[in-house]
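**Q** Numbers in this note's numbering are just positions in the sequence shown, counted from 1, shifted up by 2.
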Amino acid sequence: MADVPVHNGSILEQEWDRVAITIAYAVVNHIQSEWDFEQFEDKVSWSTSASTNPDQTTTKLAKYFQSLNLGCLDEPHTTLDKHGKVILWYLPNLISPSQVVIVIFSLFVHHLSNISPLSDNAQT
Numbered sequence: 003m004a005d006v007p008v009h010n011g012s013i014l015e016q017e018w019d020r021v022a023i024t025i026a027y028a029v030v031n032h033i034q035s036e037w038d039f040e041q042f043e044d045k046v047s048w049s050t051s052a053s054t055n056p057d058q059t060t061t062k063l064a065k066y067f068q069s070l071n072l073g074c075l076d077e078p079h080t081t082l083d084k085h086g087k088v089i090l091w092y093l094p095n096l097i098s099p100s101q102v103v104i105v106i107f108s109l110f111v112h113h114l115s116n117i118s119p120l121s122d123n124a125q126t
């Protein structure tokens, strides 16, 4: 997917444009599977309650649901079940690296503001 064109709006506006374009591209770029997700959900809940061994559960499910061989996907897309219900959203780079840094920094500052300083009585 090409980079979102830069325009004279604010960075926040550009971020929202990026989100909208990424989601729109994913909706248009969909992959149809042969799975019936509700049937899969029923089998998973039945299999996991009947067995505590994950390998047995995977083997039982493989009898009914062929593995989706999607290859290497690097562009936004949605994966649909056979009825057209979205079972997977793949939205790479939805949030820009600069926004990730801002969120992490904000959480760090918030964490530091909640740490109380040592009391006057404490000696190190």
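Even glycine gets a Cβ: it sits at the ideal position worked out from N, Cα and C.
#1: Rounded to whole angstroms, what is the Cα-Cα separation between His113 and Gln101?
#2: Report yes if the C-beta distance between Leu90 and Thr81 is below 8 Å; otherwise report no.
#3: On the DSSP letters alone, give me the boundaries of the alpha helix (DSSP H) that Ile25 sits inside.
#4: Ordered along the chain, which non-local residues of its own chain (more than five positions away) have a Cβ less than 8 Å from that of Trp18?
#5: Contact defined as beta carbons within less than 8 Å: I believe Lys84 pairs with Glu36. What is the distance between those atoms, to the nearest angstrom?
#6: Taking only the alpha-carbon atoms, compute the straight-line gap between Asp38 and Leu70 and give it to the nearest angstrom.
#7: For Ser108 and Gln41, I'd like the C-alpha separation in whole angstroms.
#8: Output yes or no for whether 8 Å exceeds the beta carbon distance between Val21 and Leu75.
#9: May I ask you to report which of helix, strand or coil DSSP gives Leu82?
#10: What is the residue span of the alpha helix (DSSP H) that Ile106 lies within?
#11: In whole angstroms, what is the alpha-carbon distance linking His79 and Ala26?
#12: What would DSSP say about Gln125, mapped onto helix, strand or coil?
#13: Provide the residue span of the beta strand (DSSP E) that contains Leu90, from first to last.
**A** By the coordinates alone:
#1: Each residue's alpha carbon lies about 18 Å from the other.
#2: yes
#3: Ile13 to Val30
#4: So no residue of the chain qualifies.
#5: 6 Å
#6: Between Asp38 and Leu70, the C-alpha separation is close to 13 Å.
#7: 43 Å
#8: no
#9: strand
#10: Pro99 to Ser115
#11: Rounded to whole angstroms, His79 to Ala26 spans 9 Å at the Cα level.
#12: Only weak support exists for where Gln125 lies, its pLDDT of 49 falling under 50; the value from the coordinates is given anyway. Three-state DSSP puts Gln125 in coil, outside helix and strand.
#13: Val88 to Tyr92
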